[in-house]
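Chemist: Submitted below is the structure of interest, expressed as structure tokens.
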Ligand SMILES: Cc1cc2nc3c(=O)[nH]c(=O)nc-3n(C[C@H](O)[C@H](O)[C@H](O)COP(=O)(O)OP(=O)(O)OC[C@H]3O[C@@H](n4cnc5c(N)ncnc54)[C@H](O)[C@@H]3O)c2cc1C
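Numbering (our numbering), first residue to last: 1 to 446.
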């Protein structure tokens, strides 16, 4: 039976450990932080359930649900309250609802598009012509998301649709993001149909999108999954300071001691993996180092309902870069998911970009209150706040990412016993990270 260590106890590493254990291989998972789960961090304050990192996962990707079922948490799964779903975009200081029928930034319904105040007539006509006239296009080399969407829908659709929507998921810049890695399905549609709208309307709906909620989570928060996985994992807390080759195996130094292994899964952000590999594979380390990461801050604010002066008719809002100060998005938590907020409270979860990292807690709370006053007219004073800083935690798939991945994978294949998993490679969402951990386990056990 192989002797395996897993470096990193986020969801990627925990999933690798779970699937190894399931196949009869007991691995040692080494995590430098005091808690497991990486960026998953659930807590409660004054009866509110707070998610400092991810709050849910996409239902259309099966790997998170598969794992949740396997660990026996299926009865704890709840869906987003999609009947209340309205997302607003800040435009010229006012909250404007996203038109109905958008598939990401691709319009699929005429009337809501015609009626929306989010886009000017120039963009609406351009979207109509895209649908009616655009011919299929021969596959092109990777481009930025910006160039791709500019070509289809023009600048305004990037400023007020694509940029805020993608910033909410990747925290990144469309001018740098790879369209092949981030919007691969739309690239395929462009090749086949030309028009994204025509393609989206013609293509079969992705599995899981027809019924049920778009997003799912666990009743008591995603920490429930981490707690469950912890139970079947052999964990050592400590930073892996170095990883050396040792004959055909590896030797990791943790807390001053050496641990030997035949196989290693590095399930850290790519930059941390690069530092461990640098001493004996500079080439691989350089490629890993070239996967950039962005930083973010989440700030939850709780209010007493009887002091709160806004109807909260939706899931929250996104702030396009053009209009952004510190806040990039705000989720109205109690509407998006049930079981999060007691009846007498209101909970808002604000996302800020890397600029917010250096601010003190006091100035973040003040800035959030100021921006919420300007955007939503809220005068109420929060009775709780909780802040989480996430430096270099969100991988950016920049132009050329796929090619970099192929180079990384080809080098890794030449190093028997080495496996990479994590959000730096083939998907940053929880389902993709779980899939990455599972695939590493499968490679070890097959
Ligand atoms: C604020 C935020 C909100 C998000 N929201 C969502 C969402 O709603 N839905 C969704 O699907 N995804 C979301 N994501 C993305 C998703 O949560 C992450 O991509 C995913 O959880 C990453 O998991 P991971 O295990 O790959 O990495 P991480 O969670 O970063 O875990 C890596 C672990 O490796 C450890 N480590 C690093 N170096 C070492 C070392 N040398 N020795 C030992 N341990 C080490 C770290 O301490 C860490 O615990 C969000 C991400 C963030 C930051």
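Every residue, glycine too, gets a C-beta built ideally from N, C-alpha and C.
Output the residue ranges of the beta strand (DSSP E) runs that lie fully inside the stretch 245 to 276 and measure 3 residues or longer, sorted by chain position.
Modeler: Here the runs fully enclosed are 249 to 254, 257 to 261 and 263 to 266.
Chemist: If we count Cβ pairs, one from each stretch, closer than 8 Å, do we get three or more for the stretch 255 to 266 versus the stretch 37 to 56?
Modeler: no
Chemist: Any heavy atom of ligand 1 closer than 7 Å to the Cβ of residue 330?
Modeler: Walking along the chain shown from the start, residue 330 turns up at place 330. Residue 330 Cβ: outside cutoff for every heavy atom of ligand 1.
Chemist: Looking at the structure shown, is residue 234 part of a helix, part of a strand, or coil, going by DSSP?
Modeler: Looking up residue 234 in the chain shown gives position 234. In the structure shown, residue 234 sits in a strand (DSSP, three-state: E or B).
Chemist: Taking all protein chains shown into account, do 16 or more other C-beta atoms lie within 10 angstroms of the C-beta of residue 107, making it buried, or fewer, making it exposed?
Modeler: On the chain shown, position 107 is the one that residue 107 refers to. Result: buried.
Chemist: Considering Cα atoms alone, identify which of 6, 1 and 2 is closest to residue 252.
Modeler: The residue given as residue 252 occupies position 252 in the chain shown. Residue 6 is the option with its Cα nearest to residue 252.
Chemist: With 16 as the cutoff for other CB atoms within 10 Å, does residue 241 come out buried or exposed?
Modeler: The residue given as residue 241 occupies position 241 in the chain shown. Label assigned to residue 241: exposed.
Chemist: Sorry if obvious, but does the Cβ on residue 239 come closer than 7 Å to a heavy atom of ligand 1?
Modeler: Residue numbering aside, residue 239 sits at position 239 when the chain shown is read from its first letter. Yes, ligand 1 has a heavy atom inside 7 Å of this Cβ.
Chemist: Relative to the alpha-carbon of residue 150, which residue among 79, 123 and 132 has its alpha-carbon at the smallest distance?
Modeler: Taking the chain shown and counting its residues from 1, one reaches residue 150 at position 150. Nearest of 79, 123 and 132 to residue 150, Cα basis: 123.
Chemist: Given this structure, state the Cα-to-Cα distance separating residue 212 from residue 345, to the nearest angstrom.
Modeler: Taking the first residue of the chain shown as 1, we reach residue 212 at position 212. Taking the first residue of the chain shown as 1, we reach residue 345 at position 345. Within the model, the alpha-carbon separation for residue 212 versus residue 345 is close to 27 Å.
Chemist: Could you give the uninterrupted runs of the beta strand (DSSP E) lying entirely in the stretch 359 to 430, keeping only those of 3 residues or more?
Modeler: If one requires a minimum length of 3 residues, the beta strand (DSSP E) runs lying completely within the stretch 359 to 430 are 384 to 395 and 418 to 420, in chain order.
Chemist: In this structure, how does DSSP classify residue 168 when only helix, strand and coil are distinguished?
Modeler: Mapped onto the chain shown, residue 168 falls at position 168. DSSP, reduced to helix, strand and coil, places residue 168 within a helical segment of the structure shown.
Chemist: Using 8 Å as the threshold, is the C-beta distance between residue 174 and residue 146 below it?
Modeler: What you label residue 174 is simply residue 174 of the chain shown in a count that begins at 1. What you label residue 146 is simply residue 146 of the chain shown in a count that begins at 1. A contact, by the Cβ cut-off of 8 Å.
Chemist: Find out if the Cβ-Cβ distance for the pair residue 45, residue 338 is shorter than 8 Å.
Modeler: Numbered from its first residue, the chain shown carries residue 45 at position 45. Numbered from its first residue, the chain shown carries residue 338 at position 338. Taking 8 Å as the Cβ cut-off, residue 45 and residue 338 do not qualify as a contacting pair.
Chemist: Are the Cβ atoms of residue 190 and residue 196 separated by less than 8 Å?
Modeler: For the purposes of this step, residue 190 is taken as the residue at position 190 of the chain shown. For the purposes of this step, residue 196 is taken as the residue at position 196 of the chain shown. In this structure, residue 196 lies closer than 8 Å to residue 190 by Cβ.
Chemist: Residue 164 and residue 319 - do their beta-carbons sit closer together than 8 Å?
Modeler: Position 319 of the chain shown, counted from the first residue, corresponds to residue 319. Position 164 of the chain shown, counted from the first residue, corresponds to residue 164. Cβ distance < 8 Å, so residue 319 and residue 164 count as in contact.
Chemist: Kindly list the residues whose CB is nearer than 8 Å to the CB of residue 101, restricted to its own chain and excluding five residues on each side of it in sequence; keep chain order.
Modeler: By 1-based counting over the chain shown, the position of residue 101 is 101. Hits under 8 Å: 107, 108, 109, 112 and 113.
Chemist: From residue 29 to residue 215, what does the alpha carbon distance come to, in whole angstroms?
Modeler: What you label residue 29 is simply residue 29 of the chain shown in a count that begins at 1. What you label residue 215 is simply residue 215 of the chain shown in a count that begins at 1. C-alpha separation (whole angstroms): 29 Å.
Chemist: Can you tell me whether DSSP reads residue 105 as helix, strand or coil?
Modeler: Sequence index remark: in the chain shown, residue 105 carries index 105 (1-based). Three-state result, residue 105: coil.
Chemist: Could you name each continuous alpha helix (DSSP H) segment of 4 residues or more that falls completely within the stretch 88 to 140, going from the start of the chain to the end?
Modeler: 110 to 115 and 121 to 133
Chemist: What's the gap between the Cα of residue 56 and the Cα of residue 168?
Modeler: Position 56 of the chain shown, counted from the first residue, corresponds to residue 56. Position 168 of the chain shown, counted from the first residue, corresponds to residue 168. C-alpha separation (whole angstroms): 13 Å.
Chemist: Using only the alpha-carbon positions, how far apart do residue 9 and residue 305 sit?
Modeler: Numbered from 1 along the chain shown, position 9 holds the residue referred to as residue 9. Numbered from 1 along the chain shown, position 305 holds the residue referred to as residue 305. Rounded to whole angstroms, residue 9 to residue 305 spans 37 Å at the Cα level.
Chemist: Kindly list the residues whose CB is nearer than 6 Å to the CB of residue 336, restricted to its own chain and excluding five residues on each side of it in sequence; keep chain order.
Modeler: As a first step, residue 336 is located in the chain shown; it is residue number 336 there, counting from the start. Cβ within range, chain order: 80 and 315.
Chemist: Would the beta-carbon of residue 104 be found less than 7 Å away from any heavy atom of ligand 1?
Modeler: Against the chain shown, residue 104 aligns to sequence position 104. No, since every heavy atom of ligand 1 falls outside the 7 Å radius drawn around the Cβ of residue 104.
Chemist: So, is residue 438 buried or exposed, given that buried needs 16 or more other C-beta atoms within 10 angstroms?
Modeler: Walking along the chain shown from the start, residue 438 turns up at place 438. Under this definition residue 438 is a buried residue.
Chemist: Run the CB neighbour count on residue 139, radius 10 Å, all protein chains shown included, and call it buried at 16 or more, exposed below.
Modeler: Translated into positions along the chain shown, residue 139 becomes position 139. Exposed, since its Cβ has fewer than 16 Cβ neighbours within 10 Å.
Chemist: Specify whether the stretch 289 to 303 and the stretch 344 to 358 touch according to this definition: at least 3 beta carbon pairs, one from each stretch, less than 8 Å apart.
Modeler: They touch, by the three-pair rule.
Chemist: State the CB to CB distance for the pair residue 267 and residue 93, rounded to an integer number of angstroms; the pair is presumed to be in contact (CB under 8 Å).
Modeler: Here residue 267 refers to the residue found at position 267 when the chain shown is read from its first residue. Here residue 93 refers to the residue found at position 93 when the chain shown is read from its first residue. Between residue 93 and residue 267 the Cβ distance is about 43 Å, and since that is not below 8 Å, they are no contact.
Chemist: Is it the case that the Cβ atoms of residue 332 and residue 312 are separated by a distance below 8 Å?
Modeler: As a working mapping, residue 332 is identified with position 332 in the chain shown. As a working mapping, residue 312 is identified with position 312 in the chain shown. Yes. Within cutoff.
Chemist: Would you say the beta carbon of residue 267 is closer than 7 Å to some non-hydrogen atom of ligand 1?
Modeler: Here the question's residue 267 lines up with position 267 in the chain shown. Indeed, a heavy atom of ligand 1 lies less than 7 Å from the Cβ.
Chemist: Count the other CB atoms within 10 Å of the CB of residue 23; is the residue buried (16 or more) or exposed (fewer)?
Modeler: Working through the chain shown from its first residue, we reach residue 23 at position 23. It is exposed - the Cβ of residue 23 has fewer than 16 other Cβ atoms within 10 Å.
Chemist: Between 171, 272 and 69, which lies nearest to residue 351 when the distance is taken from Cα to Cα?
Modeler: Counting from 1 along the chain shown, the entry for residue 351 is found at position 351. The option with the nearest alpha carbon to residue 351 is 171.
Chemist: Between the Cα of residue 17 and those of 382, 236 and 183, spot the shortest distance and give me the residue it belongs to.
Modeler: By 1-based counting over the chain shown, the position of residue 17 is 17. Nearest option by C-alpha distance: 236.
Chemist: Let me know the secondary structure DSSP gives residue 332 once reduced to three states.
Modeler: Residue numbering aside, residue 332 sits at position 332 when the chain shown is read from its first letter. It is a strand residue.
Chemist: Do residue 444 and residue 222 come within 8 Å of each other at the CB atom, strictly closer than that value?
Modeler: To locate residue 222, count along the chain shown from 1; it is residue 222. To locate residue 444, count along the chain shown from 1; it is residue 444. No.
Chemist: Are the beta-carbon atoms of residue 192 and residue 135 separated by less than 8 Å?
Modeler: Taking the first residue of the chain shown as position 1, residue 192 is located at position 192. Taking the first residue of the chain shown as position 1, residue 135 is located at position 135. In this structure, residue 135 does not lie closer than 8 Å to residue 192 by Cβ.
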